[in-house]
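See below for the structure under consideration.
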Amino acid sequence: MDRNRCILAVEDPLSEAMAHKLLRHCCIVPVTVFMGFGFGHLKKRAREFNKTAKNFPVFLLTDQDSPAHCPPGIIDKWLRCPRNEGFIFRVAVIEIESWVMADRKAFASFIGVNQSKIPENPDILEKPKEFVLNLVRKHGKRNLRDPLLPTRGSTAHIGPEYNAVMGEFVYQQWDIQRASGASPSLKRAIFAIQRFKSLRV
Amino acid sequence: MIISRIQLKNWRNFRSVDVPLQRRQFLIGPNASGKSNFLDVFRFLRDIASTEGGGLQKSVKDRGGVSKIRSLAARQKPEISIEIHLADAPGEPPGWRYGIGIEQETRGYRRTLLTYEQVWRGNEQLLNRPDDKDEKDSVRLTQTFLEQINANHNFREIADFFQSVTYLHLVPQLLRFADSIQGRILENDPFGQGFLERIAKTPEKTRRTRLKRIEEALKTVVPLSKQLEFVRDESTGRAHLQTLYTHWRPKAGWQREDQFSDGTLRLIGVLWALLEGKDLLLLEEPELSLNSGITSQLAPLINKMQRTQGRQVLISTHSDALLDESGIDGREVLMLTPNKEGTHVETVSDIEDIKALLDTGFTVGEAALPRTKPSDINRLSTVVG
Ligand SMILES: Nc1ncnc2c1ncn2[C@@H]1O[C@H](COP(=O)(O)OP(=O)(O)OP(=O)(O)O)[C@@H](O)[C@H]1O
Ligand SMILES: [Mg+2]
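Here's what the structure looks like:
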């Protein structure tokens, strides 16, 4: 199996940005990006991805969403059979935003807050996305409010440019070394990708 | 008969193409990757073969000359060449092969000249130009034998085949406002301005059966539509389509095509085209204006319509809904990938990662379309360097 390339499966553009940074760090090129748009789609296709990974590596990145689900439990539930070696299945604890915030220095300056406002280990937050939105709402730069926050009464949970603006931050400023120091779940994910990459068959 | 394989050199944004074609063939790729240019090859052959004022010189001129057609990616000024294999079914040995190469005269009139023209029936070569006469009289190279009735009697069959290629990219506004725009209708009416006249020219019995079938299809997709009819306006003599909807007062009467929705018009156009001929049909983005639920029925519908006539259909598309259909074979989809050396064309089932996805139950929409989308893969490399 060619370990320099993979199919990438993600739920949204922000996770995509994050996954690109991780893969790049490990020198793997995603040749195809499968965007599931919402929790349901990736889950529905997870068993097929596991089969695909017998022939071509697949990196799937999803959110844990609730502390009640444990990551190994999610994987078992989605796959209902053993995970193939070519399938890198990672679950961000609790949401991808924890990993985004884990580069505390860059994120604090991006939002315009003091670094102490961001937990030292963002993995412990129960609702990281909500945490980010509240941070922006209460203390963030003014010019981030319109793109990142949903307007009052909106049925959307995020602002109109949330994915694009946050994604841009990840591409441009987010540093994987600094971030992996703060988020154990991110560190484990990087380790898993590196292990896959270095294995020989 | 279908086109079972095509080879191109230096045609617009393609420098080199060699792909097999199926009976139903989808073309996917980013914007400006060359899907329409690919379809134009077949229209070009039709224009050359056309007995109604076609020919090589005109077909090239209508496209802005050799310099517009020749690939900008080509380094020197090599010939443009097209080779077509015709077979009874996909994958079968070709019954016919036709090939031409063209270039521009470097001096004088700067006419378009053939560099070669070849025809094979099975393994027998019927034509190999330039021949002795061409060498003596180079003016002969300004015309193909394909376009000359006197010269193509040996291979009239393929001249007829090329001539009956149809292309449709119906633009509802052009049809709806045909009278007020008074636009010039392009040859072969690619945009459907003269669509109503085309319907009008069809023998009545055939017209009735076709409209009946379209009416059935419309009833299932356009809410409340009940009846579709062809009429001629008594005072103006113009051809019209009209529909009756169920909820209106009976007196409210019929609505004519200028009141139809964009989607209704497009769907009628696509269905009519599918029913119309028996030779190669080129469809540009049939999904336009259609609700995704209807779009998702197009692929099986095309297959169904093909069954009776066995005709070949080439379809350009950007639509997830159209391709998210388990019944589409990976060999039925060509992916166009632009790069500096010209657009690359390949069958999606030949691409390793896509094949792995298709083999494990993903649809071509899921497996192949993501590659055609502007992706962060490219952006990342520009941003991070
Ligand atoms: N002679 C040529 N050499 C190189 N490129 C050319 C040539 N002629 C046209 N092109 C390029 O082809 C592109 C247009 O291709 P085309 O219209 O076939 O795209 P398409 O795939 O149909 O796109 P869309 O999905 O937007 O309809 C333009 O970018 C144009 O620059
Ligand atoms: Mg086009």
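Order-wise, the sequence lines are chains A and B.
Under this note's numbering, the first residue of the first sequence is numbered 1, with each subsequent residue one higher.
Under this note's numbering, the first residue of the second sequence is numbered 1001, with each subsequent residue one higher.
Ideal placement from N, C-alpha and C gives every residue a C-beta, glycine not left out.
1. Classify Arg181/A as helix, strand or coil using the three-state DSSP reduction.
2. Return the first residue and the last residue of the beta strand (DSSP E) that Gln1104/B is part of.
3. Starting from Pro30/A, follow its DSSP beta bridges and name the residues at the other end.
4. With DSSP as the reference, label Tyr171/A as helix, strand or coil.
5. For a test of your reading of the model: does the CB of Gly1392/B fall under 6 Å from any non-hydrogen atom of ligand 1? Yes or no.
6. My parser needs the alpha helix (DSSP H) runs of 4 or more residues fully inside the segment 130–161 of chain A; what are they?
7. Please state whether the Cβ-Cβ distance between Thr1115/B and Glu1105/B is less than 7 Å.
8. Can Arg1012/B be considered in contact with ligand 1, in the sense that its beta carbon sits closer than 6 Å to one or more heavy atoms?
9. With distances taken from CA atoms, which of Gln1309/B, Thr1372/B, Gly1277/B and Phe1362/B is nearest Gln1163/B?
10. Does Trp78/A come out as helix, strand or coil in the three-state DSSP assignment?
11. For Leu14/A versus Pro30/A, is the C-beta distance shorter than 7 Å?
12. For a test of your reading of the model: does the CB of Asn1037/B fall under 6 Å from any non-hydrogen atom of ligand 1? Yes or no.
13. What residues from chain B crowd round Ile7/A, counting only those whose CB sits closer than 8 Å?
14. With a threshold of 8 Å, are at least 3 pairs of Cβ atoms found where one atom belongs to the segment 1183–1196 of chain B and the other to the segment 1159–1175 of chain B?
15. Taking the straight line between their C-alpha atoms, what separation do you get for Ser947/B and Leu1334/B?
16. On the DSSP bridge assignment, give the partners of Phe1014/B in chain order.
17. Using three-state DSSP, classify Asn50/A as helix, strand or coil.
18. State the Cα-Cα distance for the pair His1318/B and Glu120/A, rounded to the nearest angstrom.
19. DSSP on Thr1205/B, reduced to helix/strand/coil?
20. Please confirm if the segment 1023–1033 of chain B is in contact with the segment 1073–1084 of chain B, defined as three or more CB-CB distances below 8 Å between the two stretches.
21. Check whether the Cβ of Ser1081/B lies closer than 6 Å to any heavy atom of ligand 1, and answer yes or no.
22. Closer than 9 Å, Cβ to any Cβ of chain B: which residues of the segment 44–56 of chain A, in chain order?
23. Throw me the rounded Cβ distance for the Ile1315/B and Pro1286/B pair, which I believe falls under 8 Å.
24. Helix, strand or coil for Val1060/B, going by three-state DSSP, please let me know.
25. Tell me the DSSP secondary structure of Val201/A in three-state form.
26. Please confirm if Val201/A has its CB atom under 7 Å from at least one CB of chain B.
27. Whole angstroms is fine: what's the gap from Thr1264/B's alpha carbon to Leu1168/B's?
28. Let me know the beta strand (DSSP E) ranges lying completely inside the segment 1236–1304 of chain B, each 3 residues or longer, listed in chain order.
29. Between which two residues does the alpha helix (DSSP H) containing Asp1179/B stretch?
30. Apart from the five residues just before and just after Leu1274/B, which ones in its own chain have a Cβ nearer than 6 Å to its Cβ?
31. What separation, rounded to the nearest whole angstrom, lies between the Cα atoms of Leu60/A and Arg1075/B?
32. Of all the alpha helix (DSSP H) runs that stay within the bounds of the segment 1098–1171 of chain B, which reach a length of 4 or more residues?
33. Once the 5 residues before and after His25/A are set aside, which same chain residues still bring their CB inside 6 Å of it?
With the structure as the only source:
1. Along the first sequence, read from residue 1 onward, the residue named residue 181/A stands at position 181. The question names Arg, but residue 181/A is Gly in the sequence shown. Here Gly181/A sits in helix by DSSP.
2. Indexing the second sequence from 1 puts residue 1104/B at position 104. Trp1096 to Gln1104 is the span of the beta strand (DSSP E), which, as asked, contains Gln1104/B.
3. For this step, residue 30/A is matched to residue 30 along the first sequence. Looking at the DSSP assignment, Pro30/A forms a beta bridge with Cys6/A.
4. The residue given as residue 171/A occupies position 171 in the first sequence. Helix, per DSSP.
5. No answer is possible for residue 1392/B: the residues shown for chain B start at 1001 and end at 1385.
6. 142–148
7. By one-based count along the second sequence, residue 1115/B stands at place 115. By one-based count along the second sequence, residue 1105/B stands at place 105. No, the Cβ-Cβ distance between Thr1115/B and Glu1105/B is not below 7 Å.
8. Taking the second sequence and counting its residues from 1, one reaches residue 1012/B at position 12. Result yes, Cβ under 6 Å from ligand 1.
9. Against the second sequence, residue 1163/B aligns to sequence position 163. The candidate whose alpha carbon is nearest that of Gln1163/B is Gly1277/B.
10. Here the question's residue 78/A lines up with position 78 in the first sequence. It is helical.
11. Translated into the one-based positions of the first sequence, residue 14/A becomes position 14. Translated into the one-based positions of the first sequence, residue 30/A becomes position 30. Cβ distance not < 7 Å, so Leu14/A and Pro30/A don't count as in contact.
12. In the second sequence, the residue the question calls residue 1037/B occupies position 37. Checking the Cβ of Asn1037/B against ligand 1 gives yes.
13. Counting from one through the first sequence, the residue named residue 7/A turns up at place 7. Result: Asp1353, Ala1356 and Leu1357.
14. yes
15. The shown model of chain B, from 1001 to 1385, leaves out residue 947/B, and the question about it has no answer.
16. As a working mapping, residue 1014/B is identified with position 14 in the second sequence. The partner list for Phe1014/B (beta bridge, DSSP) reads Trp1011/B.
17. Numbered from its first residue, the first sequence carries residue 50/A at position 50. If DSSP states are grouped into helix, strand and coil, Asn50/A belongs with the helices.
18. The count along the second sequence starts at 1 and reaches residue 1318/B at position 318. The count along the first sequence starts at 1 and reaches residue 120/A at position 120. Looking at the two C-alpha atoms, the distance is approximately 45 Å.
19. Position 205 of the second sequence, counted from the first residue, corresponds to residue 1205/B. According to the sequence as given, residue 1205/B is Lys; it is not Thr. Three-state DSSP puts Lys1205/B in a helix.
20. no
21. Within the second sequence, the letter at position 81 stands for residue 1081/B. Checking the Cβ of Ser1081/B against ligand 1 gives no.
22. Arg45, Arg47, Glu48, Phe49, Asn50, Lys51, Thr52, Ala53, Lys54, Asn55 and Phe56
23. Position 315 of the second sequence, counting from 1, holds the residue named residue 1315/B. Position 286 of the second sequence, counting from 1, holds the residue named residue 1286/B. So it is a contact: roughly 6 Å between Cβ atoms.
24. Position 60 of the second sequence, counted from the start, is the residue given in the question as residue 1060/B. Val1060/B falls in the helix class under three-state DSSP.
25. To locate residue 201/A, count along the first sequence from 1; it is residue 201. Residue placement at Val201/A is flagged as unreliable, the pLDDT there being 47, under the threshold of 50; the coordinate-derived value follows with that caveat. It is coil, neither helix nor strand.
26. For the purposes of this step, residue 201/A is taken as the residue at position 201 of the first sequence. Bear in mind that the predicted position of Val201/A carries a pLDDT of just 47, short of 50, making it unreliable; the figure below should be weighed with that in mind. Not closer than 7 Å to any Cβ of chain B, the Cβ of Val201/A fails to qualify, so no.
27. If you number the second sequence from 1, residue 1264/B lands on position 264. If you number the second sequence from 1, residue 1168/B lands on position 168. Using only the alpha carbons, I get a separation of about 15 Å.
28. 1239–1245 and 1281–1284
29. Walking along the second sequence from the start, residue 1179/B turns up at place 179. Its alpha helix (DSSP H) spans residues Ala1178 to Ile1181.
30. Here the question's residue 1274/B lines up with position 274 in the second sequence. Excluding sequence neighbours, Leu1274/B sits near Met1305.
31. Numbered from its first residue, the first sequence carries residue 60/A at position 60. Numbered from its first residue, the second sequence carries residue 1075/B at position 75. Their backbone Cα atoms lie some 43 Å apart in a straight line.
32. 1132–1136 and 1156–1163
33. Position 25 of the first sequence holds residue 25/A. Correct list, in chain order: Ile176.
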